[in-house]
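Enquirer: Residue numbers (the working numbering): 598 to 787. Let me give you the structure first, and then I'll get to my questions.
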């Protein structure tokens, strides 16, 4: 693929390959692919593929329980997507961010667990309901939402669903951006 096609096509295929590797549990290979893709997107200044690559990098970090790095990558992905008006990638970022919250919650003490699981459930419900969410990630959001809902009391699930219905992805992106400052990273060009 590197010898055929444009650099953007190569970057896209590398991110796709990284997601496949991540789904197969090959996290080191996934990280290599997505880091190469991100380097290409930095040179090309493609917000679409920067956001896509950062989502994948966040997914890899989540899968390897590196929650701090995952949050940083996903927050950057969400910010890039929101700033560029890329709603499908914004929704992908929300699905991945919710997944991170749910997985991180499983490693924490009780009071924090329910709050993080509730936030994850809200984000999954929001992303799943968006017309501008790719089908694959709608399916993932639905599966993860249903699984998470079994761990929470019904009133909490209902409240999360109501909150999701009152939110927009762009408003949530701003909220996430206020929680954790965006760190200047390789994706930003001076």
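A virtual CB, placed ideally from N, CA and C, is assigned to each residue, including glycine.
I need the boundaries of the alpha helix (DSSP H) containing residue 766, first residue and last residue.
Expert: In the chain shown, the residue the question calls residue 766 occupies position 169. Residues 766-776.
Enquirer: Just checking, does the stretch 676-684 make contact with the stretch 644-651 on the three C-beta pairs under 8 Å criterion?
Expert: Because the criterion of three Cβ pairs below 8 Å is met, the stretch 676-684 and the stretch 644-651 touch.
Enquirer: What is the DSSP secondary structure of residue 703, reduced to helix, strand or coil?
Expert: Here the question's residue 703 lines up with position 106 in the chain shown. Reduced to three states, the DSSP call for residue 703 is coil.
Enquirer: Taking a contact to mean a Cβ-Cβ separation below 9 Å, would you say residue 656 touches residue 704 in this structure?
Expert: For the purposes of this step, residue 656 is taken as residue 59 along the chain shown, with counting starting at 1. For the purposes of this step, residue 704 is taken as residue 107 along the chain shown, with counting starting at 1. Result no, Cβ atoms of residue 656 and residue 704 do not sit closer than 9 Å.
Enquirer: Helix, strand or coil for residue 623, going by three-state DSSP, please let me know.
Expert: In the chain shown, the residue the question calls residue 623 occupies position 26. Three-state result, residue 623: coil.
Enquirer: Measure the C-alpha to C-alpha separation of residue 603 and residue 610 and round it to an integer number of angstroms.
Expert: As a working note, residue 603 is residue 6 in the chain shown. As a working note, residue 610 is residue 13 in the chain shown. Approximately 11 Å, taken between the alpha carbons.
Enquirer: Below 8 Å, how does it come out for the stretch 697-717 and the stretch 745-759: are there three or more Cβ pairs, yes or no?
Expert: Flag = yes, the stretch 697-717 and the stretch 745-759 touch.
Enquirer: Work out the CA separation of residue 719 and residue 709 for me, nearest whole Å.
Expert: To locate residue 709, count along the chain shown from 1; it is residue 112. To locate residue 719, count along the chain shown from 1; it is residue 122. Approximately 15 Å between the Cα atoms of the pair.
Enquirer: Answer yes or no: do residue 691 and residue 769 have a C-beta to C-beta separation smaller than 9 Å?
Expert: Working through the chain shown from its first residue, we reach residue 691 at position 94. Working through the chain shown from its first residue, we reach residue 769 at position 172. In this structure, residue 769 lies closer than 9 Å to residue 691 by Cβ.
Enquirer: Please return the same chain residues whose Cβ sits closer than 8 Å to the Cβ of residue 789, not counting the five positions on each side in sequence.
Expert: What is shown of the chain runs 598 to 787, which leaves residue 789 out entirely.
Enquirer: Report the option in 727, 723, 771, 675 whose CA atom is closest to the CA atom of residue 761.
Expert: Within the chain shown, the letter at position 164 stands for residue 761. Closest by alpha carbon: 723.
Enquirer: Taking DSSP as the reference, what is the three-state secondary structure of residue 708?
Expert: Here residue 708 refers to the residue found at position 111 when the chain shown is read from its first residue. In the structure shown, residue 708 sits in a helix (DSSP, three-state: H, G or I).
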